[in-house]
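Be aware that the sequence shown starts at 8, since it is given in the working numbering, and climbs by one per residue.
The beta-carbon is built from N, C-alpha and C at its ideal position, and this holds for glycine as well.
Structure record follows, encoded as structure tokens.
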Amino acid sequence: MLGRYGAVVVALGLGLLLVPVRHADAAWLPAQDATFLRAVHQANLAEISSGNLALRKAASDEVRRHARLFVNDHRRLDEDLRRTAGSVRLRLPAAMTPAQQEQVARLSRLAGPAFDAAWLQHQTRMHRECVQAARRELEAGSTPQVVGLARRMLPVVQAHLSILEETVGRRTPDAVEAGAGGQSAGEPARSAPLGLGLLGVAIVLGAGALLLAGRRSRA
């Protein structure tokens, strides 16, 4: 885990050294590049907001560690993005999207382990979207400054996603809802082992054969 955190720091440090020089004549931007900048900026705002929420409400130290890393990294990523947007004279949204605001509001109503589980799922989904957005910009973007931003951003959000997927993958449900007979809800009924079933059939057949032999001897 420490190795991954170190990789994130190195990627961010290299990214900050490669911030493009501002161009005064970059007044127009293709739709793909503009969409990428606006969407990732709002995703950064959502990551920072939900990360700060986790720092206050998380039940586990692990979730708080992830939240602290993500908040710090997405602040740096957004600083880089703002500089890039300024270099191409693009005005960025002032706030998260309404859907993102509602997602953070729903998280704020949870507490304890339920909050941690929902937050991890939310972060995993958000980071997958960020990875997809960066890859799409690398494939379809045409403005060098914006494509460069996507290239610097991708290893950071990929590292975050790896951390999240590892964390979610080794977590188990806090409780299993019990069904009748102590079985888990939704679990199919357990049948008797095959060996015991065959043994029962053999006993029945054997008893029947003895009974038939006795009747024949009396006849």
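Is residue i helix, strand or coil by DSSP?
{"i": "L99", "result": "coil"}
{"i": "P120", "result": "helix"}
{"i": "V28", "result": "Summary for V28: the model assigns pLDDT 35, below 50, so the residue's position carries little reliability, and this model does not support an answer."}
{"i": "W35", "result": "coil"}
{"i": "A196", "result": "Because A196 sits at a pLDDT of 35, beneath the cut-off of 50, its placement in the model cannot be relied upon, and the point is left open."}
{"i": "G93", "result": "helix"}
{"i": "G148", "result": "coil"}
Got a sec, what are the start and stop residues for the alpha helix (DSSP H) residue i sits in?
{"i": "P162", "result": "P151 to G176"}
{"i": "A66", "result": "Careful: A66 lies outside any alpha helix (DSSP H) and carries neither H nor E."}
{"i": "L114", "result": "P105 to S115"}
Under 8 Å, do residue i and residue j count as touching if we go by C-beta distance?
{"i": "G173", "j": "Q39", "result": "Correcting the residue identity first, residue 173 is Glu in this sequence and not Gly. No; because the gap between Cβ atoms is not below 8 Å, this pair is not in contact."}
{"i": "R82", "j": "I55", "result": "yes"}
{"i": "L36", "j": "L88", "result": "no"}
- request: May I ask you to verify whether the stretch 104-113 touches the stretch 139-147, counting CB pairs closer than 8 Å and requiring at least 3?
  value: no
query: Contact between the stretch 149-159 and the stretch 127-136: three or more CB pairs below 8 Å?
result: no
- request: Assess, as a yes-or-no matter, whether the stretch 60-74 is touched by the stretch 84-102 under the definition of 3 or more beta carbon pairs within less than 8 Å.
  value: no
message: Three or more C-beta pairs under 8 Å: does that hold for the stretch 113-122 against the stretch 47-64?
response: yes
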